[in-house]
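Written below as structure tokens is the structure these notes are about.
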Amino acid sequence: MHKTLRITVFLTAVVFLLGVLLAGGVFAQEQTLTFAWIPKALDNPVFELGRDGAFVKAQELTETTDYTVEIIYIGSVASDAAEQSRVVEDVIARGVDGIGISCNDPDALIDVINKAVEAGIPVMTWDSDAPDSERFTYLGVSNYDGGVAAAELLVRFMGEEGDVALLTGVPGAFNLEERIRGFRDGVADYPGIEIVTTVACYDDIATGVQVVEETMLAYPDLDGWFFVGLWPLFADRGSMPLWEEAAASGDMKVVAFDTLPVQLEYMKDGLLVGLVGQKYWGWGYDTIQMLFDYIVHDAAFPDWTDSGMDIVTMYNVDAMIEAWETSDFTKPLPPPFPED
Amino acid sequence: MEPDKPFSPEEDPARFQKEGALTRFARNQLATLALILLAMVVVLSLSTRTFLTATNIFNVLRAFSWIAIASFGQSIVIISGGIDLSAGSNMAFSGIITAMLLVEGVNVPLSIGAGLGITLLIGFANGLMISKTKLPPFIATLGMMSIVRGFCYGMTQGWPVRGLPRSFIALGQTDLSFFIWRVPVPAIIMVCFAVLVYILLDKTKLGYHTYAVGGNEYAASLAGIFTGKVKNIAFTLSGFLAGVGGILMTARLGVAAPTAASGYELDIIAAAVIGGISLTGGEGNVWGALIGAAIMQILRNALVLLGFPAYWQPAAIGAVIIGAVMIDMYRKKSI
Amino acid sequence: MSDTTVTNEKKEPIMALQGVSKYFGGVHALEEVDFEVYPNEIVALVGDNGAGKSTLIKILAGVHQPNRGKILFRGEPVEIPSPRAAQALGIETVYQELALIETRDVPANFFLGREPTRGTSGIFVDRKKMVEDTVRTLKDLGIVLPSLRTLVRYLSGGQRQALAIGRVMPWGGKVIIMDEPTAALGVREARKVLDLVLQLKEKGCSVVVISHNMRHVFNIADRIVVLRGGKKAGDRMKSETTPDEIVKLIVGAEML
């Protein structure tokens, strides 16, 4: 008796599942374009902004064209190239019309990207490229250029000499290393500037706070900081008393990558002087437009599409804050240095 | 056959109750560990200007307090013969639950109670899986680690929870005055829990049974000890103490991130193991875990203060873990 | 079998199994076994590997429960659902596996599972009492150990066996069960353990002892029970049998 019951329940469940899958397949037909938008990881909030941009663009396209555009937001929970490859294979098996992906590794994803292209699914990369794959374009900034821009910002505020410390996330992460390389080259022209130490926080907020404070102890006369990511800035005020005191005094200037609201607050309070940010919103908003144009209008794209960078200083920070508050990143940002 | 001769303490008086001071010292694990710690402190005090400043010492104390508290719980579990891989996730989760309630306007004690309550329940669930369904602790807590981390991401949608009230943050950022020093609150809480766990393990019947279950589970059950109950309590306490650590970390940073404490379980386990708590169970004590956590944190601190390249730091930390455990094994063998 | 319970008819057994059977899956570990323990005697339980000796004593000790048959204690039918229940009746067991915690010191093992507590809370262990009682019992039995603080890991086989036997003493147990107490011991150490067994009898206990060593069995036992293939193959007073006869009963050749 029990056994029969169990088998019945099991079969019902199987039939139900198959039904759901089939129904999903049927409804996804005709005039509908489904794009998979795959970030590096689901645990990083900046990708959510890109996702929101992707959904907004899908909504716009659905309203203004004959197509219904749908977005599948899918990815590995943590940054992991192998796991991400699996996600791409799932998406191929599921059959989408296009894929936009931020690659965890420039080489590890070549194979699955090419597989998708062979299956007739166009792929473009954003934020983080796989240049040797068959993707039709890459939308992003050069992290190297971002590093150079950060160096220019720091020199502008700090002057042409001083001791500088660097905070990075996971040593060896390609985008972070590129930013650091750009920064080093950017300050190389100024012999008075010395990078006294590089500390790593392994993408962990608590560790970030800890190593920044320890660096402040080890180098109390520091003139500048370059945060290659925003990790310790997620922590609340009072977490880094030594750093805050030095930054507030104005004797030490801090530039950082990214332009998230927490950082904008720090900037309003005078603790950060310059921010270099990617256009997270555009990662989704622009990617979906490009996929749509490529498929519907056969648009051609260069190998690399520059998404541009947001440079935020005290002169244009208010505009950036407004963009965040209204979730509208479509307006161009005022120049970071009005006198230029 | 030998002649029928009764045997008595007088027969071989040299063997009874006599041990050299040196043997006793070598056998005392804590002494060895304390020496390693002291050596590190001396070397660092001589080689840097900044190590032996009150600011730095309290900075270190604050930073390792939550790892240490979680590793007290881990110690109980390891001594009982288990392992708790969900500790890092639990730390993040208690912080997130507490922070989310605080942001909703719930008062501080209630929010903390909820955060701790939930990790206590998670620990209890671990215990049930291990004692009732006989899952290996490694598997049960590995699964739980992932489940809890998933809840962290899911409930926050990946965003850190910020904007916590000052009255909560004070818990992690206030210093209390002791004579001339201002000691961080988390460090004081850490010492309180160390004493409590010490009393539990060393002075209570439950503590004796915890060692017995970890040392030889079969023998413990033959002696009438309810081994399932002991394991259950051990995992529940581990969940609870990880929760305490997580709340202090959240209060210190003023933010509860879903990614927080990722990979901390390994630091927490390493602290216990460096502290002489054998992974095979039945051995070690909470002071070892405390010193183990201190050694790890001072090492990290030292690498930054000395300007050791960030890229090489993991190698140095790994070498110290292996070295400390090897010294301990050598010590055990040589006596 | 005509030869059971030859001389003890006047005395009431302190403990008895009547028609006890125990199966593990399809394996019959014990079948219809009767077994008695009389006050103040040493019963040796002998038999080949797999004869059912360990199963029998584990039933007496509350580790296993019989599938069929009765257990009598002081004439009353009882159930022994756990080792703790056995201890409560006054049945103490020294296991072959020794059941010691190698990572703990002597008093902790001495009181394993039955640590005395201070006051009435039942929470805090009375370490002072543990140490005093341990020292007293070891002295009484003439057992020599290094420092009480020593972990069992550092004790020799004989010292461990002495500790395992010694720790059943303070509980006023009436029936002491021992599984191969002299296995894996040197001659000198085995001698000491046999002395301990005799001391237990002197103190008024009954002892059930499993042994493979015929010389040890004939040295200390009052009565010898033979198991073969899960059934009782013989029950002899030592004074009325010979090692040869016992060996024949064990291997099953030419039953008398």
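Chains as they are written, first to last, in the numbering used here: chain A, 10 to 349; chain B, 1033 to 1367; chain C, -19 to 236. Ideal Cβ positions, reconstructed from N, Cα and C, are used throughout, including at glycine.
Please report the straight-line C-alpha distance between residue i and residue j, rounded to a whole angstrom.
i       : j       : result
A:Y147  : A:S88   : 19 Å
A:E69   : A:V78   : 9 Å
B:I1359 : C:V155  : 47 Å
B:G1145 : C:T35   : 50 Å
B:G1275 : A:G286  : 35 Å
A:T339  : B:A1289 : 29 Å
C:V205  : C:K33   : 10 Å
A:T43   : A:V105  : 5 Å
A:A308  : A:L300  : 9 Å
B:G1190 : B:C1184 : 8 Å
B:K1037 : C:A170  : Residue placement at B:K1037 is poorly supported in this model, since its pLDDT is 37, which falls under 50; the coordinates are not used for a value here.
B:E1042 : B:V1109 : The predicted position of B:E1042 is uncertain, since its pLDDT is 38 and thus under 50; a value taken from the coordinates is nonetheless stated next. Near 42 Å, if we compare the C-alpha coordinates of B:V1109 and B:E1042.
B:T1082 : B:V1073 : 12 Å
B:V1135 : B:V1193 : 8 Å
C:N199  : C:A164  : 18 Å
Out of the options, which one is the CA nearest neighbour of residue i?
i       : options                        : result
A:Y5    : A:W292, A:E253, A:K288         : This structure cannot speak to residue 5 of chain A, because chain A is shown only from 10 to 349.
A:R60   : A:H306, A:K288, A:T73, A:F346  : A:K288
A:D315  : A:I204, A:A215, A:P241, A:Y153 : A:Y153
C:P(-7) : C:L10, C:V187, C:P161          : C:V187
C:I39   : C:R98, C:R203, C:S1, C:S219    : C:S1
C:I123  : C:D113, C:R107, C:K109, C:L143 : C:L143
C:K119  : C:K108, C:I22, C:T97, C:G146   : C:G146
B:I1089 : A:E203, A:E161, A:A227         : A:A227
Buried or exposed, going by whether 16 or more other CB atoms sit within 10 Å of the CB of residue i?
i       : result
C:Y75   : buried
B:N1317 : buried
C:L236  : Legend: pLDDT at C:L236 = 47, less than 50; position of this residue unreliable, value from coordinates given subsequently. It counts as exposed.
A:C210  : buried
A:P347  : exposed
B:Y1250 : exposed
B:T1282 : buried
C:N29   : exposed
B:I1171 : exposed
B:E1034 : Because B:E1034 carries a pLDDT of 38, less than 50, the predicted location of this residue cannot be relied on, and the following value inherits that uncertainty. The residue in question, B:E1034, is exposed, as its Cβ has fewer than 16 Cβ neighbours within 10 Å.
B:C1224 : exposed
A:A128  : exposed
C:Q141  : buried
B:S1209 : exposed
A:K277  : exposed
What does residue i reach in chain B if we use C-beta pairs closer than 7 Å?
i     : result
C:Q67 : G1256
A:N53 : G1190
Report the neighbours of residue i on chain C: residues whose CB is nearer than 8 Å to its CB, in chain order.
i       : result
B:Y1362 : Simply none; closest approach about 16 Å.
In chain A, which residues lie with their C-beta within 7 Å of the C-beta of residue i?
i       : result
B:S1199 : What B:S1199 touches in chain A: nothing, since even the nearest Cβ is about 13 Å away.
B:L1196 : D245
Along chain C, in chain order, which residues have C-beta atoms closer than 7 Å to that of residue i?
i       : result
B:T1236 : I103, F104, V105
Residue i touches chain B at which residues, Cβ-Cβ below 8 Å?
i      : result
C:T97  : K1237
C:G93  : H1241, A1244, A1252, A1255, G1256, I1257
A:T224 : V1336
C:E12  : Those within 8 Å of C:E12 in chain B number zero; the least Cβ separation is about 27 Å.
A:S248 : Q1205, R1284, L1285, G1286
What does residue i touch in chain A if you count any residue whose Cβ is under 8 Å from its own?
i       : result
B:G1339 : V205, T206, A227
B:A1292 : D213, I214, A215
Can you pull the chain B neighbours of residue i, defined as C-beta to C-beta under 9 Å?
i      : result
A:V218 : A1095, R1284, L1285
For residue i, verify whether its CB is less than 6 Å away from any heavy atom of the ligand HEM.
i       : result
B:F1267 : With respect to the ligand HEM, the structure shown offers nothing to examine, as it has no ligands at all.
**Q.** Inter-stretch contact at 8 Å, needing at least 3 Cβ pairs: the segment 293 to 305 of chain A / the segment 127 to 135 of chain A
**A.** yes
(Q) Counting beta carbon pairs with one atom in the segment 1130 to 1146 of chain B and one in the segment 1295 to 1303 of chain B, are three or more of them shorter than 8 Å? (A) no
Q. So, do the segment 51 to 71 of chain C and the segment -8 to 12 of chain C have three or more beta carbon pairs nearer to each other than 8 Å?
A. yes
Q) Is the segment 196 to 206 of chain A touching the segment 1321 to 1334 of chain B, taking contact as three or more C-beta pairs under 8 Å? A) no
Q) Counting Cβ pairs, one atom from each stretch, are 3 or more of them under 8 Å apart for the segment 100 to 116 of chain C and the segment 1249 to 1266 of chain B? A) no
Q) Can at least three beta-carbon pairs, one atom from the segment 122 to 135 of chain C and one from the segment 1270 to 1285 of chain B, be found at a separation below 8 Å? A) no
(Q) Within 8 Å, do at least three Cβ pairs link the segment 157 to 176 of chain C to the segment 1347 to 1364 of chain B? (A) no
Q. Does the segment 156 to 169 of chain C come close enough to the segment 67 to 87 of chain C to have 3 or more Cβ pairs within less than 8 Å?
A. yes
Q) At a cut of 8 Å, does the segment 118 to 128 of chain C reach the segment 82 to 101 of chain C through at least three beta carbon pairs? A) yes
Q. Does the segment 137 to 146 of chain A come within contact of the segment 103 to 120 of chain A, defined as at least 3 CB pairs closer than 8 Å?
A. yes
Q) For the 8 Å Cβ check, are there 3 or more pairs between the segment 1303 to 1322 of chain B and the segment 260 to 275 of chain A? A) no
Q. Does the segment -1 to 18 of chain C come within contact of the segment 1214 to 1233 of chain B, defined as at least 3 CB pairs closer than 8 Å?
A. no
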